[in-house]
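Each remark here refers to the structure printed beneath this line.
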Amino acid sequence: MQQHRQAKWNDTASEGHEPLLSEKDTTRYEPTDTHLPDELTREGVELPSLSEPELVRHYTRLSQMNYGIDSGPYPLGSCTMKYNPKFTEDLAALPSATVHPDRPSKSAQGTLQIYYELQDYLGRIGGMDAVTLQPPAGAAGELTGILIAKAFHEYNGEADPRDEIIVPSSAHGTNFASAAMAGYDIVELPADDDGRVDLDVLSAAVGDSTAALMLTNPNTLGLFERDIEDIAEIVHDAGGLLYYDGANLNALLGRARPGDMGFDIMHYNVHKTFATPHGGGGPGAGPIGVRDGLAKFLPSPQVGEEGEEYTLFDPEESIGKVHGSMGNWLVLLKTHAYISRLGDTGLTDTSAKAVLNANYLASQVNLDVPFEPFHHEFVASAAKKDAADFAKKMLDYGVHPPTTKWPEIVDEALMTEPTEAESRKTLDQLAAAFNSVDDEGEDVISEAPNATAAKRIDQTKAAREPVLSWQQISD
Ligand SMILES: *Cc1c(COP(=O)(O)O)cnc(C)c1O
């Protein structure tokens, strides 16, 4: 079994971590001659004054202490951490890719063409009639989609009774959060024994107060909701809308379309399905698609085509803007490049390999996988062990662990999604890591990781009390 040791750079002067640039050098930078009026200048600022090699080595060291998709497999279920091909980065780095957001549309025709084509590609991939590229993440797409559902019900004079959104208990946390942020009460739907939506339970839950049902398909267990047409009928008969959480679209690409299943609104996580980098809450993109009758509520502006020219227009009943300018342009450019390079057959091949890889990996892993048949991801159970300890120990074998303890329907869940990008050899390495950890005792794994630059950290504290600036650290 491959063992792994991450770089650890202990600078003697800084207790056990790679120093910050400002710790490496504390030269006070004094501005000399300036033509600025006195009231606009500062006394001087503390800026590190380092040579190029010092700077390059600092960032290289940090990258060696980290783990990313460029260092090894990253089977983080639901989040689809597929490899981001470098040609998309090359395109985004072209000087001509830079465009000022306020440039008049007449002189930005090439950029608008790419927006327009991407709206079209995503619409065709999802089976949707109109698409906005504005929302900056899947979660932002969800909120935008739910605001559109709200605008739709208000337009029809039905906003008053429709104050509930139905969400399956296995859904991603952002579904609950988006519905709540849009001002809705949430009705949680328990799964049936097979891990899917129970039609009787759904029928009992829908009614005059239903605004929408939010659904992921395949769901977070990797299971296809085979009753999707009945589900759509039940929700539509009650006057509600059907929202598709597109995080798992990688399983269906080129094979099945949410629009054909009866969904009215969907988001696309382009950083999951279309190989753009995950933004860490930052520069991602979560375009949404809607069926015909909802296009008039989309955020403004939309990109249209008039004769030979690409133009911007405001949909009649637009909910307004949801992001500055037109969304995260460079991420969208990479999405366009990825889709264009793969084409129809490439996209269809992607979903085939994603499903094959997940099934191959599961067949090589000794853990129990309670729900089958799954598609692009599977949820194994660490049952006898704590899933968090299990995951930490996997890091010692040079692989990133799966998502842990979710969905809760599986005991000590390890939600695993290898993606289509990994070779059989890498999948074997992943399986060996799973099986080695499975063979180890809880006493060993509860101390893990041992071979990484940072040992076990307090994740909750890191998320709740982040120290983000040098000022905070030096204080
Ligand atoms: C990732 C994910 C989301 C949220 O998407 P972001 O782009 O991370 O905001 C929503 N639902 C599911 C199932 C996801 O996996």
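Heads up: the sequence shown at position 39 corresponds to 33 in the working numbering, and the numbers run straight through without jumps. Ideal Cβ placement from N, Cα and C applies to all residues, glycine included.
With a CB to CB cut of under 8 Å and the five nearest residues on each side skipped, what residues in its chain are close to D286? Answer for D286: D123 and A124, listed in chain order.
Tell me which residue opens and which closes the alpha helix (DSSP H) that E48 is part of. Counting along the chain, the alpha helix (DSSP H) containing E48 begins and ends at E46 to Q58.
Please determine, among L247, L306 and D188, the residue with the shortest C-alpha to C-alpha distance to G337. For the options L247, L306 and D188, the alpha carbon positioned closest to that of G337 is the one of L247.
Hey, L350 and T410: beta-carbon distance below 9 Å or not? In this structure, the beta-carbon distance from L350 to T410 does not fall below 9 Å.
Just confirm the distance between the C-beta atoms of L235 and A143, as a whole number of angstroms; I'd bet it's less than 8 Å. Confirmed, Cβ separation roughly 5 Å.
Less than 8 Å between C-beta atoms, sequence neighbours within five positions excluded: which residues of the same chain meet that for E299? A distance below 8 Å between beta-carbons, with the five flanking residues on each side excluded, links E299 to the following residues of its chain, in chain order: Y110 and T305.
With a threshold of 6 Å on Cβ separation, who are the neighbours of K387 within its own chain once the five nearest residues in sequence on each side are excluded? Within the same chain, K387 has close Cβ partners V431, I439 and A442.
Contact check, F218 vs H369, beta carbons under 9 Å: Yes; because the gap between Cβ atoms is below 9 Å, this pair is in contact.
Would you list, in sequence order, the uninterrupted alpha helix (DSSP H) runs of no fewer than 4 residues that lie entirely inside the stretch 230 to 285? The stretch 230 to 285 contains these whole alpha helix (DSSP H) runs: 252 to 255 and 264 to 267.
Just grab the DSSP bridge partners of Y536 for me. A query on residue 536 cannot be resolved here, the shown segment of the chain reaching from -5 to 469 and no further.
Using three-state DSSP, classify E148 as helix, strand or coil. E148: helix per DSSP, three-state reduction.
With a cut-off of 8 Å, do at least 3 Cβ pairs link the stretch 173 to 186 to the stretch 135 to 142? Yes, the stretch 173 to 186 touches the stretch 135 to 142.
Are L207 and L196 closer than 9 Å when you measure CB to CB? In contact: L207 and L196 (Cβ atoms closer than 9 Å).
Exposed or buried, E33, counting other C-beta atoms within 10 Å across all chains shown (16 or more means buried)? The residue in question, E33, is exposed, as its Cβ has fewer than 16 Cβ neighbours within 10 Å.
Residues of its chain near K18, where Cβ-Cβ distance is below 8 Å and the 5 sequence neighbours each way are ignored: A distance below 8 Å between beta-carbons, with the five flanking residues on each side excluded, links K18 to the following residues of its chain, in chain order: P42, L44, E48 and H52.
State the CB to CB distance for the pair L127 and G321, rounded to an integer number of angstroms; the pair is presumed to be in contact (CB under 8 Å). Yes, L127 and G321 are in contact; Cβ-Cβ is about 5 Å, under 8 Å.
Which one of F268, F81 and D221 has the shortest CA to CA distance from C73? Ranking the options by Cα distance to C73, first place goes to F268.
For N169, which residues of its own chain have a beta-carbon under 7 Å away from its beta-carbon, when the five flanking residues on both sides are left out? If we look at N169 and ignore the five residues flanking it on each side, its Cβ neighbours are E136, V161, M208 and D239.
Once you ignore the five residues that flank A145 on each side, which residues in its own chain have a CB closer than 8 Å to its CB? F291, E311 and I313.
Do P129 and P364 come within 9 Å of each other at the CB atom, strictly closer than that value? Not closer than 9 Å, so no.
Could you tell me whether the stretch 247 to 265 touches the stretch 56 to 63, where touching means 3 or more Cβ pairs closer than 8 Å? Segments in contact, no.
Proximity of S319 and P95 at Cβ, strictly below 9 Å: Contact: yes.
Of the residues L85, V325 and H11, which one's Cα is nearest the Cα of P277? By alpha-carbon distance to P277, the top candidate from L85, V325 and H11 is V325.
At a cut-off of 8 Å, is H166 close to ligand 1 when judged by its beta-carbon and the heavy atoms of the ligand? Using a cutoff of 8 Å, the CB of H166 counts as near ligand 1, since one of the ligand's heavy atoms is closer than that.
Do you know how far the Cα of A131 is from the Cα of S345? Straight-line Cα distance between these residues: approximately 22 Å.
Skipping 5 residues on each side, what residues in its chain have a beta carbon closer than 8 Å to that of D186? Counting only Cβ-Cβ distances below 8 Å, and skipping sequence neighbours, we find D192 and V195.
Is it buried or exposed, K328, if we count other Cβ atoms within 10 angstroms and call 16 or more buried? Around the beta carbon of K328, 16 or more other beta carbons lie within 10 angstroms, which makes this residue buried.
Could you give the residue range of the beta strand (DSSP E) that holds V363? Run containing V363: none; DSSP gives neither H nor E here.
DSSP state of A205 mapped onto helix, strand, coil: In the structure shown, A205 adopts extended strand secondary structure according to DSSP, grouped into three states.
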